[in-house]
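Worksheet: one structure, shown below.
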Amino acid sequence: MTAGPGLVAALRQTGELARRSVMAERRQLLNILPGLVFPLLLAAVYSRQFSRALAMPGFPEVDSFLDFILPACVVQAVSFGATAAGTELALDIENGFFDRLVASPVARFPILVGRLAGAALVAAIKAAVLVAVFLAFGAEVKGGPAAVLVIMMVAALLVLAIGGVGQVLAIRTGSQEAVAATFPLVFVGIFMSSAFFPTALMSGWFRVVAENNPITWVIDPMRRLVIAGWSTGDAIQAMVVPAVVALVTVCLAVRALHRKLGRS
Amino acid sequence: MAVRPAVEAEGLVRTFGDVIAVDGIDLSVAPGEVFGFLGPNGAGKSTVVRMLTTLLRPTAGTATVGGHDVVSGSAAVRRTIGVALQDAAIDPLMTGHELIRLQSVLHGIPRAVARARGVELLERVGLTAAAGRRVGTYSGGMRRRLDLAMALVHQPEILFLDEPTTGLDPTSRQALWEEVRRLNTEHGTTVFLTTQYLEEADQLADRIAIIDAGKLVREGTPEALKASIGSPTLRIDVQPGSLEAARGVLGPFGPDRPAREGRVAIGLDGGAARVADAVRALDAAGIVVEHLELDAPSLDDVFAEATGRRLEGAVDGS
């Protein structure tokens, strides 16, 4: 088998499996809604409650709290969906659909990446929807359309990163529950970052945790793109962290799959 | 034999921890054959199929499918075989048409070819009208038929069917049998079928292997296996109190056979001609016969003779 046709087939298979996961989301739209509505509600509540925080010394220069929490809201919303890439793989393993894939000549890579790619695409769309809602309520993205594009990219990459972890767990345990159990960790991770408050105004151990939280490293440059304006450096910084994590977790997932198929 | 076997296993073993699921199985399936793998639940049928279809690595032993080793040539095996696994769910959110399409892409079939073949396959299994509906709305029989169609998109030489009719109603079962027969006779497809139904093995298989507790206990054509039992089975119901006495009286007429509680069964030497003698002997001993039946040797008898047990759900002459 030459690499050419093999690669084309693998890409087609990845595309088809991505299509399947997008289709699954589209046909269960009700499952997506809470993931979009909850962060929006939180944003609405916070922007009323904390609008006076903007006046605090040390708080970044922003027009409204809405602009400030836009990135946090996007990160939160896509994280809701990210674990789904793992739980759905676990579901496939539980009910045997996975065996069907594995018993076909499809390469191992598309089985994992196809699903993640679909989830990542959905995340990018969710991010765009959220930004549109924020804009409708008067938020402003200073970085312009390019910044919106970066936000969408970050959303997609985050899903790859978090979804990859979910897939590793799915392959190791084959249990939906085990994968779903990681969700609170992601949730707490977001709260212990700069998502809802600048680290400059934090103190003590919480500040140490938040400053060393990778989610902070993603949210801070994203936020500067929204409230300050376009900067190529910030754009790259926002994408690099989730990209590197995604690369690592997807590789781990592929390795876990090879191990499982070799060992079992 | 000059012809390369479609499936061949030598000393196949699979353990899960301390549990020996498959304990040294040798088998050989000729091209174009329908091979029935018969055994009760938990006998190791599915584990063997999972090893032959490359889903599970053997702990020991070797196997080839279509001439390819299941471990070193697993990719080639997967291109050769079609697989319809027991309980392999099909995504309820997708339509029959979409699943056929997905399966075609997974097998790397060019789009134009895949489209035509998908239409033909759905037609063949009688799902043309339902092809646009989500699989979640399908009946059990429809799902199995779709499953079969999916296993055939790449026109495999060898088809593995793991308990294809478990849980189906008799009509759906018949329809699936028809389709398997047609595939075998019209396309020469080799079929490796596992089942816990004696009738299914008897109806479909050219050759049968019986597996129990991970070991092959009998192998041969259904006719040869039944002939090996020789005598028909005489089953007699008597008053509970005289069960042991009846067993004693019938002893000289032939070997004991497994029977359900409260019933005596023997392999009647000399066949039907000896029934009257047996009844007379019981009568002479003052034992009242409440019910009597004589059955030609069945696969159930073969199974019972090999394992000392009856297959669950088998008709124990009741």
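First to last, the sequence lines map onto chains C and W.
Heads up: the first sequence begins at 8 in our numbering, then just goes up one per residue.
Heads up: the second sequence begins at 2 in our numbering, then just goes up one per residue.
We put the CB at the ideal spot given by N, CA and C, even for glycine.
Remark: C-beta atoms of G145/C and L73/C approach each other more closely than 8 Å. In terms of beta-carbon proximity, G109/W lines the interface with chain C, with at least one pair separated by less than 8 Å. When Cβ-Cβ separations below 8 Å define contact, D213/W makes no contact with chain C. For the pair I212/W and G83/W, the Cα-to-Cα distance works out to about 23 Å. Two segments are said to touch when three or more pairs of C-beta atoms, one from each, lie closer than 8 Å; by this definition the region 239-257 of chain C touches the region 152-169 of chain C. Secondary-structure assignment with DSSP links L162/W through a beta bridge to A85/W and L194/W. Here C258/C is exposed. Its C-beta has fewer than 16 other C-beta atoms within 10 Å. The three-state reading of DSSP puts K216/W in strand, counting E and B together.
Listed by position along chain C, the residues whose Cβ is nearer than 9 Å to that of T55/W are V109, A110 and L268. Nearest C-alpha to G127/W among T60/W, A176/W and R112/W: A176/W. Between the alpha carbons of R5/W and T81/W lies a distance of about 14 Å. V181/W and L205/W do touch by the CB rule: their CB atoms are close to 6 Å apart, below 8 Å.
Between the region 224-231 of chain W and the region 273-283 of chain W, the count of C-beta pairs closer than 8 Å stays below three; the two stretches do not touch. Taking L149/W as reference, the option from G67/W, I26/W and E164/W with the minimal CA-CA separation is E164/W. For V29/C, the CB contacts under 7 Å within the same chain, skipping 5 residues up- and downstream, are G125, L128 and V129 in chain order.
Annotation: the continuous alpha helix (DSSP H) that includes G88/C extends over F72 to N102.
In the three-state reduction of the DSSP assignment, D207/W falls in the coil class, being assigned neither a helical nor a strand state. Per DSSP, D170/W has no beta bridge partner at all. V8/W is not a Cβ neighbour of F254/W, given a cutoff of 8 Å.
Under the 8 Å criterion on CB atoms, V106/W is classed as interfacial with respect to chain C. The Cβ-Cβ distance between I226/C and S210/C does not fall below 8 Å. In the displayed model, L128/W falls within coil according to three-state DSSP, outside both helix and strand. Within the region 11-27 of chain C, contact with chain W at the beta-carbon level (separation under 7 Å) is assigned to A16, R19, Q20, E23 and R27. In this structure, DSSP gives F17/W an extended state, which the three-state scheme calls strand.
Taken in chain order, the complete alpha helix (DSSP H) segments of 4 or more residues contained in the region 16-72 of chain W are 46-53.
For V84/W, the neighbours in chain C by C-beta distance under 9 Å run, in chain order, D106, R107, A110 and S111.
In this model, V106/W and L98/C are separated by some 22 Å (Cα to Cα). A279/W and E220/W have their C-alpha atoms roughly 32 Å apart. Contacts with chain C at 8 Å (Cβ-Cβ) include L94/W.
Only residues of its own chain outside the window of five on either side were considered, and among them D74, L77, P78, V148, K149, G150 and A154 have a CB closer than 7 Å to the CB of V233/C, listed in chain order. Neighbours of L153/W across chain C, judged by C-beta separation under 9 Å, do not exist; the nearest C-beta is about 12 Å away. Secondary structure at E224/W: helix, using DSSP grouped into helix, strand and coil. The alpha helix (DSSP H) runs of length 4 or more contained entirely in the region 150-234 of chain C are, from start to end of the chain, 151-180, 183-187, 190-198, 211-218 and 221-234. Taking V85/C as reference, the option from E101/C, L123/C and L142/C with the minimal CA-CA separation is L123/C.
In the structure shown, the three-state DSSP call for L269/W is coil.
Judged by pairs of C-beta atoms under 8 Å, the region 190-207 of chain C does not touch the region 111-122 of chain C, as fewer than three such pairs exist.
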